[in-house]
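Reminder that position 110 of the sequence shown reads as 491 in our numbering, one-by-one numbering, no gaps.
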Amino acid sequence: MKITTILGSPRKKGNTANVLGMFEERVAQGHEVDRINITEYKVNGCLGCGACQKKSDEPGCVQKDDAVSLFGRMTEADVVIYASPLYCWSFSAQMKALIDRHFCLVKNYGTPDHKSLVDGKRTALLVTCGGPVEDNADLIQEIFNRVNLYAKCDVIGKYILPFCTTPDALGDEAAEMAKKMAGDITG
Ligand SMILES: Cc1cc2nc3c(=O)[nH]c(=O)nc-3n(C[C@H](O)[C@H](O)[C@H](O)COP(=O)(O)O)c2cc1C
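Structure representation (structure tokens):
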């Protein structure tokens, strides 16, 4: 199985990277892991120009940054993991830019011809946050659900690690979550 992981944190050795790394270590034996550190790429915000909606079988985005090539790597994967720190109850801005750009992968939304270039892709969400899950990391899960409905993807898991302080202080909960995630996704 090919697993593409997207690290949406600007901190390459932060909490999210740390837990994602634990997951990747677990699945690396027997599976191919392709890590995308989002901050190493140029992903602009969506221009909302609608040019992509005039193309039906290709992204058709007019922007010449890295988003479409990242979508190529995601398209090749069996599973895509979106890993983000919780920023103001939502995704990091870097991850949100990539999510907005999914607009070019979805055609005719809201009509009977609704189509997605990533139809059926299996996805999972990994979030680390400083606070609790309740009334804090709830909206990001709902947004993830809706984006996946929009893109016709199949959410196979959502994993939230609350009360994170520093990467060094991540405890057994982090390791347990990475283990469960690996089991769910590859098992
Ligand atoms: C700009 C910013 C916004 C944040 N917003 C929240 C928040 O809304 N809720 C929360 O629980 N933690 C919030 N945090 C804390 C981070 O989610 C938490 O420290 C996370 O584990 C950082 O992940 P990282 O080390 O991978 O960057 C915020 C941190 C920053 C820097």
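Yeah, the Cβ is synthetic: ideal placement off N, Cα and C, and Gly gets one too.
How is Tyr490 classed by DSSP in three states: helix, strand or coil? The residue given as residue 490 occupies position 109 in the sequence shown. It is coil, neither helix nor strand.
Ser473 by DSSP, collapsed to three states: which one? As a working note, residue 473 is residue 92 in the sequence shown. Three-state DSSP puts Ser473 in coil, outside helix and strand.
C-alpha distance - Arg416 paired with Thr386, whole-angstrom precision: Residue 416 sits at position 35 when you count from the first residue of the sequence shown. Residue 386 sits at position 5 when you count from the first residue of the sequence shown. Distance between the alpha carbons of Arg416 and Thr386 is about 5 angstroms.
Relative to the C-alpha of Ala432, which candidate in Ala478, Glu413, Trp470, Asn489 has its C-alpha closest? Translated into positions along the sequence shown, residue 432 becomes position 51. When only C-alpha atoms are compared, the closest one is Asn489.
For Leu520, is the classification buried or exposed, using 16 other Cβ atoms within 10 angstroms of its Cβ as the cut-off for buried? For the purposes of this step, residue 520 is taken as the residue at position 139 of the sequence shown. Label assigned to Leu520: exposed.
Pairwise C-alpha distance: Lys435 and Ala555: Your numbering for residue 555 matches position 174 in the sequence shown. Your numbering for residue 435 matches position 54 in the sequence shown. Cα-Cα distance, rounded: 44 angstroms.
Ignoring anything shorter than 3 residues, give me the beta strand (DSSP E) runs that lie fully in the segment 421-478, in order along the chain. 460-466
Could you compute how far the alpha carbon of Met403 sits from the alpha carbon of Thr509? Taking the first residue of the sequence shown as position 1, residue 403 is located at position 22. Taking the first residue of the sequence shown as position 1, residue 509 is located at position 128. Taking the straight line from one Cα to the other gives about 13 angstroms.
Would the beta-carbon of Leu467 be found less than 6 angstroms away from any heavy atom of ligand 1? Here residue 467 is taken as the residue at index 86 of the sequence shown, counted from 1. Yes - ligand 1 has a heavy atom lying nearer than 6 angstroms to the Cβ of Leu467.
How big is the Cα-Cα spacing for Asn526 and Cys442? Position 145 of the sequence shown holds residue 526. Position 61 of the sequence shown holds residue 442. For Asn526 and Cys442, the distance between alpha carbons rounds to 24 angstroms.
Counting Cβ pairs, one atom from each stretch, are 3 or more of them under 8 angstroms apart for the segment 543-558 and the segment 395-402? yes
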